[in-house]
Amino acid sequence: MPQEGSHALDGPASSPTGGTSLLQARTVNEVVKAQTNKVRLARLKGELVDRSQAIAHVFTLARAERDAWLNWPARVSAQMAATLGVDPHPMHVALEAAVRDHLQELGELRPRVD
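All residue numbers in the sequence shown are consecutive under full-length UniProt numbering, ending with 114.
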């Protein structure tokens, strides 16, 4: 039967002052060691990438994608205009404006890299 002032869930791991017990501190230490070892092993296996290099690579890929889209209207507008039987210049201007608007919208997205 629990005494007055004690709790049935109190055990040897709880501190009488409500602080961290030695057992709790050791448990936390072992968890941190295990996590550190897991990261070291992943690094040794080549499963981790450098964050700054990954961000730079994604930036390079995004820039190449943007440049490809910016060049697309010049490549296809004349053929599209011929297919549709319209003047190539207004077709090019319309496609270029639509692509720039779309890229502007995409540029407003702020993906998180955590």
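C-beta atoms are modelled at their ideal positions from N, C-alpha and C, and glycine is treated no differently.
Predicted model, so just to flag it, every value in this text is computed and none were measured.
Beta-carbon proximity check, residue i vs residue j, cutoff 9 angstroms
i     : j      : result
Leu70 : Leu103 : yes
Val76 : Leu95  : yes
Met91 : Ala74  : no
Between the CA atoms of residue j and residue i - distance to the nearest angstrom
i      : j     : result
Ala34  : Ser52 : 26 angstroms
Val86  : Glu47 : 54 angstroms
Phe59  : Ala68 : 14 angstroms
Arg26  : Thr36 : 15 angstroms
Ser21  : Arg66 : 57 angstroms
Val39  : Lys45 : 10 angstroms
Ile55  : Val32 : 27 angstroms
Pro111 : Ala97 : 25 angstroms
Supposed close pair residue i, residue j - CB separation, criterion 8 angstroms
i     : j     : result
Val99 : Trp72 : 6 angstroms
Under the three-state DSSP convention, the category residue i falls into
i     : result
Asp67 : helix
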